[in-house]
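K.L.:
Okay, here's the structure, questions in a sec.
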Amino acid sequence: MSRKAETINEIDQAVKFNEPIGPSHSFFTDFSGLRGEFEDRIVYKNLNVKKENGIFSFNPAINGGNKSILFLGGMRGSGKTSELAKYAEKLNSPQCFFCVTCNIDQELDLNELEYMDILILQLEQLTKRLSEFDLTIDEGIKERLETWFAKRETEIKRDLKVEAELEAGIEISTKNPLFSLLNIFGKFKTGVVGSNERANIVRQNLKNNFNSFATIFNEFIEEVNYTLRHNEVAQEILFIVDGLEKTLSANTRKKIIIEEQNRIDKIKAYTIFTLPIELMSQRPNLSQFSSVEAFPFVKLIERDDTEDGIAFEKFKEFVYKRIDSSLFQNEEIVHKAIRYSGGSPRELLKILETTAFYVEDEQQQIDEVSLDKALHRLANQTAQYITEPMLEKMKKIIENNRAGKDTPFDEVLQTMLENIYVMEYNSGSYKRINPILERSNLYQQYVQG
Numbered sequence: 005m006s007r008k009a010e011t012i013n014e015i016d017q018a019v020k021f022n023e024p025i026g027p028s029h030s031f032f033t034d035f036s037g038l039r040g041e042f043e044d045r046i047v048y049k050n051l052n053v054k055k056e057n058g059i060f061s062f063n064p065a066i067n068g069g070n071k072s073i074l075f076l077g078g079m080r081g082s083g084k085t086s087e088l089a090k091y092a093e094k095l096n097s098p099q100c101f102f103c104v105t106c107n108i109d110q111e112l113d114l115n116e117l118e119y120m121d122i123l124i125l126q127l128e129q130l131t132k133r134l135s136e137f138d139l140t141i142d143e144g145i146k147e148r149l150e151t152w153f154a155k156r157e158t159e160i161k162r163d164l165k166v167e168a169e170l171e172a173g174i175e176i177s178t179k180n181p182l183f184s185l186l187n188i189f190g191k192f193k194t195g196v197v198g199s200n201e202r203a204n205i206v207r208q209n210l211k212n213n214f215n216s217f218a219t220i221f222n223e224f225i226e227e228v229n230y231t232l233r234h235n236e237v238a239q240e241i242l243f244i245v246d247g248l249e250k251t252l253s254a255n256t257r258k259k260i261i262i263e264e265q266n267r268i269d270k271i272k273a274y275t276i277f278t279l280p281i282e283l284m285s286q287r288p289n290l291s292q293f294s295s296v297e298a299f300p301f302v303k304l305i306e307r308d309d310t311e312d313g314i315a316f317e318k319f320k321e322f323v324y325k326r327i328d329s330s331l332f333q334n335e336e337i338v339h340k341a342i343r344y345s346g347g348s349p350r351e352l353l354k355i356l357e358t359t360a361f362y363v364e365d366e367q368q369q370i371d372e373v374s375l376d377k378a379l380h381r382l383a384n385q386t387a388q389y390i391t392e393p394m395l396e397k398m399k400k401i402i403e404n405n406r407a408g409k410d411t412p413f414d415e416v417l418q419t420m421l422e423n424i425y426v427m428e429y430n431s432g433s434y435k436r437i438n439p440i441l442e443r444s445n446l447y448q449q450y451v452q453g
């Protein structure tokens with residue numbers, strides 16, 4: 005993990021945004037209460053969690069049959085991964101959930117990904133977490149899982165026309181009481197990240213047998229839930245599935261969430277999925293079997309262009325946890341960088357990284373000149389692929405904001421959201437042009453001019 009930058013040369017490592025930052029990390033900054041209409045309790049309510057005297061609790065007696073699925077949707081760089089890490093830490097307790105985080109961008113093939121791959125990963129990560137607690141599971145469900153997967157392996161070998169078993173998964177000690185299950189899930193995960201032929205046959209076999217797969221998956225979850233309660237480890241499993249937006253194809257994301265929703269609905273386990281921004285338009289569809297909540301950027305600027313002082317102070321905390329304050333010539337530079345981030349943690353890290361690049365070799369501090377060079381470069385890079393319909397849409401957004409009106413959704417706006425040309429706040433009703441884009445020559449010539 006990165007550490008706080010004490011010199012200009014250390015900034016590059018301190019502002020990397022591809023490292024998951026959870027509450028236990030020194031860089032973590034909690035933006036709770038600063039995302040407009042979004043509040044943490046929205047998530048807790050959807051998961052049937054109660055909070056009393058600072059303690060989170062889940063009652064399986066009255067909520068065990070609900071098995072809520074929550075899609076947390078938001079723009080890239082809004083801080084969803086850190087937010088999920090916060091929930092995983094706060095809700096993981098004997099009174100509440102046994103949190104199992106599945107980072108698909110770290111564990112699976114982002115080029116070729118299907119929902120079945122995610123389910124296998126969920127089983128593997130759950131079993132790994134159980135091993136950490138040295139828990140034993142009912143032998144009956146273990147045997148049924150072993151038998152079911154053994155049949156699938158026989159069929160897969162037949163279809164592949166090979167004699168050998170599926171490749172071994174991760175190396176596991178045979179002394180582990182869950183050795184057999186870890187080995188099975190590891191082999192099947194290896195199967196879906198291997199060659200295309202093997203991966204497709206493994207997936208197709210599992211899909212062809214999905215009804216029985218869902219049944220045994222749900223039986224396993226119920227047995228584990230019983231074991232967790234009996235051993236006073238937790239009340240229920242909560243899966244957190246993150247990283248879907250990092251898949252390389254929008255069609256892949258749509259296929260997993262929209263085309264597989266019937267299968268998702270059949271898995272009876274509390275689950276939070278991150279939802280890519282382009283699929284938020286599917287909320288009416290997904291709401292038939294799940295909850296869908298918008299996770300917006302931090303709102304720095306109101307519609308009347310006044311600044312939210314509390315939000316700015318929180319972002320300064322975010323910056324100074326990563327970069328020593330002595331590396332900035334003055335605090336106005338930090339304030340300006342924050343304003344141009346638009347309330348996106350990732351955009352701010354990008355601005356700081358680029359600014360550090362422009363600091364002259366002999367300088368020991370970030371100054372206004374290096375920040376302006378960075379903003380100019382980022383602005384023109386961002387504007388490079390703006391189209392005329394997008395420019396017209398920007399004018400409409402500005403006009404609507406001045407009139408206190410919301411801007412209706414359409415395909416042009418969808419593309420602009422995906423590319424962070426436009427940023428969303430509150431529940432998605434309040435939109436503004438990315439401040440970086442406002443500095444570009446194109447914007448100033450066609451929109452502002």
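In the numbering used here, the protein residues as written are 5 to 453.
Cβ coordinates follow ideal geometry from the N, Cα and C atoms, glycine included.
Keep in mind the model is a prediction, meaning the values are calculated, not measured.
#1: Closest to Ser2 by C-alpha separation, out of Glu392, Tyr429 and Leu382, would be which residue?
#2: Which residue or residues does DSSP assign as beta-bridge partners of Asp246?
#3: Under the three-state reduction of DSSP, which class applies to Ile424: helix, strand or coil?
#4: Closer than 8 Å by C-beta to Ile337: which residues in its own chain qualify, once you throw out the five before and the five after it? Chain order, please.
#5: Could you check where the beta strand (DSSP E) with Tyr434 kicks off and where it finishes?
#6: On a CA-only basis, which of Ala254, Asn115, Asn289 and Phe217 is nearest Ala203? Give me that one, please.
#7: For the beta strand (DSSP E) containing Glu297, name the first residue and the last one.
#8: CB Leu51 to CB Leu74, shorter than 8 Å?
#9: Closer than 7 Å by C-beta to Ser6: which residues in its own chain qualify, once you throw out the five before and the five after it? Chain order, please.
#10: Are Ile108 and Leu95 touching if we call contact CB-CB under 8 Å?
#11: Indicate whether Glu264 and Tyr91 have their beta-carbon atoms separated by less than 8 Å.
#12: With DSSP collapsed to three states, give me the class of Ala18.
#13: Does Lys303 pass the burial test, meaning 16 or more other C-beta atoms within 10 Å, or should it be called exposed?
#14: Using 8 Å as the threshold, is the C-beta distance between Asp312 and Phe293 below it?
#15: Whose C-alpha, out of Thr310, Glu306, Ile276 and Asn289, is nearest the C-alpha of Phe299?
#16: Excluding the 5 residues preceding and the 5 following Asp410 in the sequence, name in chain order all residues of the same chain whose CB lies nearer than 6 Å to its CB.
#17: Could you check the C-alpha separation between Ala172 and Gly190 for me, to the nearest Å?
#18: Report yes if the C-beta distance between Lys101 and Ala238 is below 8 Å; otherwise report no.
#19: What is the DSSP secondary structure of Gly173, reduced to helix, strand or coil?
#20: Are the CB atoms of Phe316 and Glu428 nearer to each other than 8 Å?
#21: Does the region 316-329 come close enough to the region 55-68 that 3 or more CB-CB pairs lie under 8 Å?
#22: Identify, in the order they occur along the chain, each residue of the same chain with its Cβ nearer than 6 Å to the Cβ of Leu279, setting aside the five sequence neighbours on each side.
#23: For the candidate residues Pro393, Ser36, Asp121 and Glu297, whose alpha-carbon lies nearest to that of Met79?
#24: Could you check the C-alpha separation between Ile141 and Gly69 for me, to the nearest Å?
#25: For a test of the three-state rule: what should DSSP assign to Ala203, helix, strand or coil?
#26: For the pair the region 393-411 and the region 433-442, tell me if three or more CB-CB distances fall below 8 Å.
#27: Under 8 Å by Cβ, that's how I've got Cys103 and Gln126 pegged, so tell me the actual separation to the nearest angstrom.
#28: Short check: CB of Ile160 to CB of Asn209, under 8 Å?
#29: In terms of residue numbering, what span does the alpha helix (DSSP H) encompassing Lys55 cover?
#30: If distances are taken between C-alpha atoms only, which option among Ile12, Gly247, Leu446 and Glu201 comes closest to Tyr389?
#31: If you reduce the DSSP assignment to three classes, tell me which class Phe301 lands in.
#32: Measure the CB-CB distance between Glu236 and Ile145 and report whether it falls below 8 Å.
#33: Candidates Glu201, Asp414, Lys340 and Lys71: which alpha carbon is nearest Ile225's?
#34: Looking at Met420: is its Cβ nearer than 8 Å to the Cβ of Lys399?
#35: With a CB to CB cut of under 7 Å and the five nearest residues on each side skipped, what residues in its chain are close to Lys377?
#36: In chain order, what residues of the same chain lie with their CB nearer than 6 Å to the CB of Val53, ignoring the 5 residues before and after it?
P.N.:
In short:
#1: Summary: the structure shown does not reach residue 2, with the chain confined to residues 5 through 453, and so no result is reported for it.
#2: Asn107
#3: coil
#4: Ile370, Asp371, Glu372 and Leu375
#5: Tyr434 to Ile437
#6: Asn115
#7: Ser295 to Ala298
#8: yes
#9: Gln17, Ala18, Lys20 and Glu23
#10: no
#11: no
#12: helix
#13: buried
#14: no
#15: Ile276
#16: Ser433
#17: The pLDDT assigned to Ala172 is 49, lower than 50, so where the model puts this residue is not dependable; a value taken from the coordinates is nonetheless given after this. Computed Cα separation, rounded: 7 Å.
#18: Strictly speaking, residue 101 in this sequence is Phe, with Lys absent from that position. Yes, the Cβ-Cβ distance between Phe101 and Ala238 is below 8 Å.
#19: Because the pLDDT of Gly173 is 48, which lies under 50, any placement of that residue in the model is unreliable, and the number read from its coordinates should be weighed accordingly. In this structure, Gly173 counts as coil in the three-state DSSP scheme.
#20: no
#21: no
#22: Phe75 and Gly77
#23: Glu297
#24: 21 Å
#25: helix
#26: yes
#27: Not quite, the Cβ-Cβ distance comes to about 12 Å (not below 8 Å), so this is no contact.
#28: yes
#29: No alpha helix (DSSP H) contains Lys55, which is instead part of the beta strand (DSSP E) from Val53 to Glu56.
#30: Leu446
#31: coil
#32: no
#33: Lys71
#34: no
#35: Tyr362
#36: Phe60 and Phe62
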